[in-house]
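If you're matching positions, the sequence shown starts at 1 in the numbering used here and goes up one per residue.
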Amino acid sequence: MLEYLRNAAEKPLAKFLIALLAFSFVGWGVAEWIFGNVAGDNTLIRVGNGEITYQQFSMERNREMAAMSREEQRAVYTDPIVADQLATRVLTNLTTQRMAENRADDLGFVVSDARIAREIRAFPEFQENGQFSAYLFDYVLNNSGYTESQFAAILRSQVLRSMVLGAVAAPVNVPAFATRAMYNARYATRDIEYATVKYNEFKVENPSDDDLRAFYAQNPRTVPEFRTVSYVLVQADMSKPDEYDAAYETAIKVEDDIIAGETFADVAKKHKAKYVSLKPFSADKRPVDEVLTDRVIANLFDMDEGMESELIETKKGFVIARVDKIAPAHTQEFESVKKDLVADWKRDEQKKKAYVRANEMLVDLNKDGKLTGKKSVNVSRTSGAPVDVLNAAFNSPVETNSIVPGADAFYVLRVVGEKMPAVDTKKMEALNKELKASSERILMDDYNSFLIREYPVRINEKVYKRVFAK
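Written out as structure tokens, the structure is:
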């Protein structure tokens, strides 16, 4: 038996199951803490008349954890954002599965014991020399923490879900005319004429103070809110339980001293922690600092001046941060930006003159069909003219004239005609596959929407908040 275990441990499935078993013990410990070893409602989410329990969530989460690398597992334990993403993914998968199972019940689908037996015998992991082995079956189940009935129930649920979703997931045939229509729309070219009216072709005089004041009244400059922040970091390798526990105990002492009125700098020195005082920064331009994760920044910009955060767990250790000062967002005084406004005012005036000139050219084009300084080109959707011109050329009907705004110029555009593409068999085949894939996604999304309407999802707030500490 021991030799068999040693040999089996080298196989990917066995490694996975051993890891899953280890994580299962962790899950049991957490459940004991959450529910206090008392009988009661442990439903996290209700899906129609069905439910997803904490035990189901824990088992599925452990299954995903067992398949992760050590680095990925460490990230789950040390980064709250990664942990939340994993929990969300697991709950989403379980909810989708539960909806499909509800639908199977409503449709009266049944999976016989004989079908389950055939499925089990077909598992390569339960076979030896191509034949089903009862010994292998018992060994794998025992080491993964499943009873035979539990495994059969899981397998039955999977088969039921495949019955419900199988038809929706079947390949979709796209009609030839639809593929050709999309092919023409994507690869057709257009003959166009366009003239460019650049802003910088027009000269303008320097503005007066009154001009600048009027311009600034319409285009005020706002300084965003800035915050001055300091923090104390109790450093630790959060992947090591001993270091984690020691750092947590120190962090509690740091927190107590701060509440008692000691300064961050003094507390950090006292407990051999790291003290950092940051220069003022805005939410959009924050300093480069591994401690300042999105979650920490969000907390800091929700706090009032002079407030300290609660203990925050990060990859680097435990952090307590304080908002030392807040400089509110405000509009800059005219005199402080007066010099900078001159260039903006001149560009705005140039843009106005360019637009007037483009309108004059458009009037002439509509009147007698003449376009001064035009370029005549054949364009595709991706090349042949400036991007703004390309977008307008394919969004406008043939034989129409218009003005197209750009970053540095206005364009006067005439769409002359359209040319259908020659058939490229390889491109048509690739496009047909693309349309099939998109059609299948649309069909699946539509069916998911139906399931969500049919089996509404309700969160059991009491249990959910306890589990996820929301």
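Where a beta carbon is used, it is the ideal one built from N, C-alpha and C, also for glycine.
Secondary structure of residue i, DSSP reduced to three states
i, result
"K346", "helix"
"F450", "helix"
"V415", "strand"
"A178", "helix"
"S230", "strand"
"T382", "coil"
"N401", "strand"
"Y455", "coil"
"T425", "helix"
"K375", "strand"
"R286", "coil"
"R221", "coil"
"V337", "helix"
"F410", "strand"
"E305", "coil"
"F126", "helix"
"E101", "helix"
"E440", "helix"
Delimiting residues of the alpha helix (DSSP H) encompassing residue i
i, result
"L292", "No alpha helix (DSSP H) holds L292; DSSP gives it neither H nor E."
"Y216", "D209 to Q218"
"N395", "V387 to N395"
"K253", "P241 to I259"
"Y135", "A134 to S144"
"A75", "R70 to T78"
"R63", "Y54 to A66"
"D266", "F264 to K270"
"K465", "E461 to F468"
"V159", "E148 to G166"
"E333", "That residue, E333, is in no alpha helix (DSSP H); it is neither H nor E in DSSP."
Own chain, CB closer than 6 Å to residue i, minus 5 neighbours either side, in chain order
i, result
"E440", "V172"
"N299", "S309"
"S277", "S230"
"V76", "V82, A83 and L86"
"K419", "T189"
Where residue i falls, given that 16 or more other Cβ within 10 Å makes a residue buried
i, result
"T95", "buried"
"Q97", "buried"
"L451", "buried"
"Q56", "buried"
"S438", "exposed"
"A170", "exposed"
"M238", "buried"
"T88", "exposed"
"M59", "buried"
"N62", "buried"
"V30", "Note that V30 has pLDDT 47, beneath the 50 cutoff, so the model's placement of it is unreliable and no number is given."
"V463", "buried"
"E313", "buried"
"V267", "buried"
"N129", "exposed"
"M444", "exposed"
Cutoff 7 Å; reference residue i; Cβ partners in own chain excluding five residues on either side
i, result
"L311", "A251, E255, F318 and I320"
"Q350", "Y199, N200, F202 and V204"
"G406", "P386 and D388"
"D105", "none"
"I459", "I45"
"V47", "T95, R98, M99, N102, Y455 and V457"
"F468", "A87"
"V110", "none"
First and last residue of the uninterrupted beta strand (DSSP E) at residue i
i, result
"D324", "G317 to A327"
"A195", "T189 to K198"
"A313", "Inspection of the sequence shows that residue 313 is occupied by Glu rather than by Ala. Per DSSP, E313 belongs to the beta strand (DSSP E) from I312 to T314."
"R118", "Run containing R118: none in the beta strand (DSSP E); it sits in the alpha helix (DSSP H), D113 to A122."
"K274", "K274 to S277"
"V47", "T43 to V47"
Any non-hydrogen atom of the ligand ATP within 7 Å of residue i CB
i, result
"N359", "Of ligands this structure carries none, so the ligand ATP is not represented either."
Close beta carbons around residue i, own chain, < 8 Å, minus the five adjacent residues each side
i, result
"I81", "T293, D294 and R295"
"W345", "P207, D211, L212 and F215"
"P328", "E225"
"R286", "L292 and I297"
"T222", "A329, H330, T331 and Q332"
"R161", "Q97, A100, E101 and A104"
Interface flag, residue i vs chain B, CB-CB below 8 Å
i, result
"E51", "Absence of chain B from the displayed structure is noted, only one protein chain being present."
**the stretch 183–199 / the stretch 150–166 touching (three or more Cβ pairs under 8 Å)** = no
**Asked** Counting pairs of Cβ atoms below 8 Å between the stretch 374–393 and the stretch 227–236, do you hit three or more?
**Response** no
**contact_flag[the stretch 347–366, the stretch 403–413] where n(CB pairs < 8 Å) is 3 or more** = yes
**Prompt:** Given 8 Å as the limit, is there contact between the stretch 321–338 and the stretch 299–306, that is, 3 or more CB pairs closer than that?
**Reply:** yes
**Asked** Can we say the stretch 422–435 touches the stretch 392–399, given the rule of at least three CB pairs closer than 8 Å?
**Response** no
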